[in-house]
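Those letters in the sequence shown? Residues 1 to 139, per full-length UniProt numbering, in order.
Just so it is clear, CB atoms sit at the ideal spot from N, CA and C, and this is done for glycine as well.
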Amino acid sequence: MSWGIKISDEYHWRGELCVVGLDYNFQRAIDYISSVKGKTLATSIVDSRRYDRGIISRVPYPNLAYTGEGENRDQRLEDGNLALKNNLRYKRPTRVICKYDSDNNANVSRYKFMYEGLYQVSKCDNKFKCLNCLCITLK
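Below, the structure is given as structure tokens:
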């Protein structure tokens with residue numbers, strides 16, 4: 001038996017992510033903390049596929065393109081988005097968890113969350129397919 005969290009570990013409810021310490025925010029895509037210096041830093045991103053554009057898409061593997069927290073028309077560089085930009089500045093990694101359809105119908109909602117691993121923010125700009133979207137590249 002091995003202990004700890006491994007890449008590709010699966011969770012069937014968002015609450016399980018909280019119990020094991022991967023993500024503590026049930027409502028937002030980006031979980032973040034305030035550091036000792038008063039800056040916010042992102043601790044995790046959960047791609048829950050709430051928006052039709054797909055929050056996270058693989059650019060060339062193993063890179064991820066994250067289009068920012070919030071709907072297309074109201075993204076701002078604040079809260080979780082600002083925390084991710086701070087991760088770039090301070091060179092801090094963030095955990096990435098993605099939601100997938102469950103192939104074995106393990107829960108009522110027929111989905112699962114999979115831990116993808118630690119990613120480093122490598123770029124942050126606002127040039128993406130939709131107006132007012134942030135594009136944050138993680139490696």
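Under the three-state DSSP convention, the category residue i falls into
{"i": "Asp52", "result": "Note on Asp52: pLDDT 45, under 50, position unreliable in the model; the coordinate value appears next. In the structure shown, Asp52 sits in coil (DSSP, three-state: anything other than H, G, I, E or B)."}
{"i": "Ala29", "result": "coil"}
{"i": "Leu41", "result": "strand"}
{"i": "Lys85", "result": "helix"}
{"i": "Leu17", "result": "helix"}
{"i": "Tyr24", "result": "coil"}
{"i": "Asp9", "result": "coil"}
{"i": "Gly4", "result": "coil"}
Between the CA atoms of residue j and residue i - distance to the nearest angstrom
{"i": "Asp47", "j": "Glu116", "result": "11 Å"}
{"i": "Glu27", "j": "Lys6", "result": "Correcting the residue identity first, residue 27 is Gln in this sequence and not Glu. Spanning the two alpha carbons is a distance of roughly 24 Å."}
{"i": "Arg53", "j": "Gly38", "result": "Interpretation of Arg53 is limited by its pLDDT of 44, a score under 50 that renders its predicted location unreliable; no figure is taken from the coordinates."}
{"i": "residue 140", "j": "Val19", "result": "Since the first and last residues shown for the chain are 1 and 139, residue 140 lies out of range."}
{"i": "Tyr90", "j": "His12", "result": "32 Å"}
{"i": "Asn25", "j": "Leu17", "result": "9 Å"}
{"i": "Lys85", "j": "Val108", "result": "36 Å"}
{"i": "Asn81", "j": "Ser34", "result": "13 Å"}
{"i": "Gly4", "j": "Arg76", "result": "35 Å"}
Enclosing beta strand (DSSP E) for residue i [first to last residue]
{"i": "Arg95", "result": "93-101"}
{"i": "Leu64", "result": "64-66"}
Other residues of its chain near residue i: CB distance less than 7 Å, five sequence neighbours each side excluded
{"i": "Pro83", "result": "It is worth fixing the name first, because residue 83 is Ala in this sequence and not Pro. Excluding positions up to five away in sequence, the list reads Ile30, Tyr32, Thr40, Leu41, Ala42."}
{"i": "Lys99", "result": "Asp47, Ser48, Arg49, Tyr111, Phe113"}
Per-residue burial, residue i [other beta carbons within 10 Å of its own, 16 or more giving buried]
{"i": "Asp101", "result": "exposed"}
{"i": "Glu69", "result": "buried"}
{"i": "Leu22", "result": "buried"}
{"i": "Arg95", "result": "buried"}
{"i": "Gly15", "result": "exposed"}
{"i": "Ser44", "result": "buried"}
Close-in-space but distant-in-sequence residues of the same chain around residue i (CB under 8 Å, 5 per side omitted)
{"i": "Arg110", "result": "Asp101, Ser102"}
{"i": "Asp79", "result": "Arg28, Ile30, Tyr32, Thr40, Glu69"}
Close beta carbons around residue i, own chain, < 6 Å, minus the five adjacent residues each side
{"i": "Glu10", "result": "Lys112, Met114"}
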